[in-house]
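Below is one structure; the comments refer to it alone.
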Amino acid sequence: MSEPATDSSRAPFVRARSLEVRFAARAAIRARGRGEVLAVDGVSLAIERGETLGLVGESGCGKTTLARVLLGLLRPASGKVEIDGRDIFAMSRRELRRWRRDLQIVQQDPFGSLDPRWRIGAIVGEGLAIHRIGTSGERRQRVVETLQRCGLPAAALDRFPHEFSGGQRQRIGIARALALRPEFIIWDEPVSALDVSVQSQIIQLLLELKEEYGLTYLLIAHDLSIVERVCDRVAVMYLGRIVEAAGAERVFRRPVHPYTQALLASIPAGRPGRRRRGAAAGDVPSPLAPPPGCRYHPRCPLAMEVCRREPPALLDRSGHRVACHLAAGSPH
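Residue numbers (our numbering): 30 to 361.
Below is the structure:
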């Protein structure tokens, strides 16, 4: 559970309840007795309207899978997703199609996420055409306005993706998401494929659009400095589970879970290439055979015997949720 303390009379804008997502293993793996991967294991979270929640963790921990479930692109094995109080998996196909206008994603790869055969006007206007919004002329005008708001000229309309730089392509991806005037946008590593000089421009655009359009964000990112700058709250994910969640300042100033501490310790400090002490040791275990008990215990320098036997519950202490046996008996 990683839901913030909220007014019980007002439901969060986005809420996930006890989500589980399982994938069948390949035949060769099944032959060794491992039939499936539990990619998301009992995850609950809530995002308030107008809030930015950061979702962090090492590659393969289930962040993007969780994002696909929140968008209704992947059906969970169990659990539910509510957008503005409505269960999206209980909707009819027609209702869900309507709701998809309000749920958009900006992909990590600005090169692979744009069809190289389509002109930019068709890419950005595709959602408008699918949902039959306005006339052809009105759609074209909105595409032009949206491109300009994202820092691209109207002349981009008739050009192809290969004619643009990586930063410009990511702006096209942002314009494509923004054209439908959504309420909720998932940013899946939006700047990781870009040069450092371009990253700050895209992050600034992200912040401006949120303020201007009153958007709600889920930001998936490896770069914790970006998460600290952009996010109101942070949820830390490890091998399919949320292990810590709290306000961004609290997580960055007073991390409780040893894994969160290790993530923060891995941020370069001082001279380039130098790392702080305490970064996580070893490799992430295979999700095909996660460790018993606390999944982090093979890498945790503070692991106790109970950590090897029993999975810790995600306990809420004054709005700071932590799944750690050590934290269960100690003040924050």
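C-beta atoms are modelled at their ideal positions from N, C-alpha and C, and glycine is treated no differently.
Report the CB separation of residue i from residue j in whole angstroms; it is logged as a contact under 8 angstroms.
i: arginine 129; j: glycine 101; result: 7 angstroms
i: aspartate 261; j: threonine 81; result: 5 angstroms
i: glycine 141; j: leucine 48; result: In fact, because the Cβ distance is near 27 angstroms, the residues do not count as touching under 8 angstroms.
Determine, using beta carbons only, whether residue i and residue j come nearer to each other than 8 angstroms.
i: leucine 247; j: isoleucine 76; result: yes
i: isoleucine 249; j: glutamine 133; result: no
i: proline 316; j: glycine 89; result: yes
i: glycine 163; j: alanine 208; result: no
i: leucine 99; j: valine 69; result: no
i: leucine 253; j: leucine 292; result: yes
i: threonine 245; j: glutamate 192; result: no
Would you kindly work out how many angstroms separate the C-alpha atoms of residue i and residue j, rounded to a whole number?
i: proline 41; j: alanine 275; result: 15 angstroms
i: phenylalanine 189; j: alanine 53; result: 38 angstroms
i: histidine 286; j: alanine 352; result: 7 angstroms
i: glycine 166; j: glutamine 177; result: 17 angstroms
i: alanine 183; j: glutamate 174; result: 8 angstroms
i: cysteine 272; j: glycine 180; result: Correcting the residue type first, residue 272 is valine in the shown sequence and not cysteine. Each residue's Cα considered, the two are about 38 angstroms apart.
i: proline 360; j: alanine 185; result: Below a pLDDT of 50, predicted positions are generally treated as unreliable, and proline 360, at 41, falls in that range; no measurement from the model is reported.
i: arginine 168; j: isoleucine 149; result: 13 angstroms
i: serine 221; j: methionine 120; result: 34 angstroms
i: alanine 60; j: alanine 318; result: The predicted position of alanine 60 is uncertain, since its pLDDT is 44 and thus under 50; no value can be drawn from it.
i: aspartate 345; j: arginine 161; result: 45 angstroms
i: glutamine 197; j: isoleucine 296; result: 28 angstroms
i: aspartate 187; j: isoleucine 203; result: 17 angstroms
i: glutamate 278; j: isoleucine 255; result: 13 angstroms
i: alanine 357; j: leucine 343; result: 9 angstroms
i: glycine 322; j: arginine 97; result: 27 angstroms
i: glutamate 241; j: arginine 205; result: 17 angstroms
i: glycine 348; j: tyrosine 288; result: 19 angstroms
i: arginine 350; j: arginine 210; result: 33 angstroms
i: glycine 64; j: leucine 223; result: 37 angstroms
i: histidine 251; j: glutamate 218; result: 7 angstroms
i: glutamine 290; j: arginine 282; result: 10 angstroms
i: valine 172; j: aspartate 144; result: 17 angstroms
If you compare alpha carbons, which of the options is closest to residue i?
i: valine 72; options: Leu355, Met266, Pro284, Pro316; result: Met266
i: arginine 258; options: Gly195, Ala294, Gln228; result: Gln228
i: valine 85; options: Thr93, Gly79, Arg115; result: Thr93
i: alanine 18; options: Gly348, Gln136, Gln170; result: Here the chain comprises residues numbered 30 to 361, so residue 18 is not present and cannot be evaluated.
i: valine 43; options: Asp116, Leu103, Arg104, Leu253; result: Asp116
i: valine 225; options: Gly195, Gly154, Trp216; result: Gly195
i: glutamine 137; options: Gly83, Leu125, Gly114, Gln199; result: Gln199
i: valine 335; options: Pro327, Arg126, His354, Cys329; result: His354
Check whether chain C comes within 8 angstroms of residue i, counting only Cβ atoms and requiring the distance to be less than that.
i: arginine 205; result: Checking the listed chains, one finds no chain C in this structure; it contains a single protein chain.
Please go through the region 105 to 171 and give each complete beta strand (DSSP E) segment of 3 or more residues, from N-terminal end onward. 107 to 112, 132 to 135
Quick check on the DSSP output: what are the complete alpha helix (DSSP H) runs of length 4 or more inside the region 245 to 306, in order along the chain? 253 to 259, 277 to 282, 287 to 294
Just list the beta strand (DSSP E) runs in the region 43 to 96, keeping only unbroken ones of 3 residues or longer that don't cross its boundaries, in chain order. 43 to 53, 65 to 76, 81 to 85
Unbroken stretches of the beta strand (DSSP E), 3 residues or longer, contained in the region 317 to 347: 344 to 346
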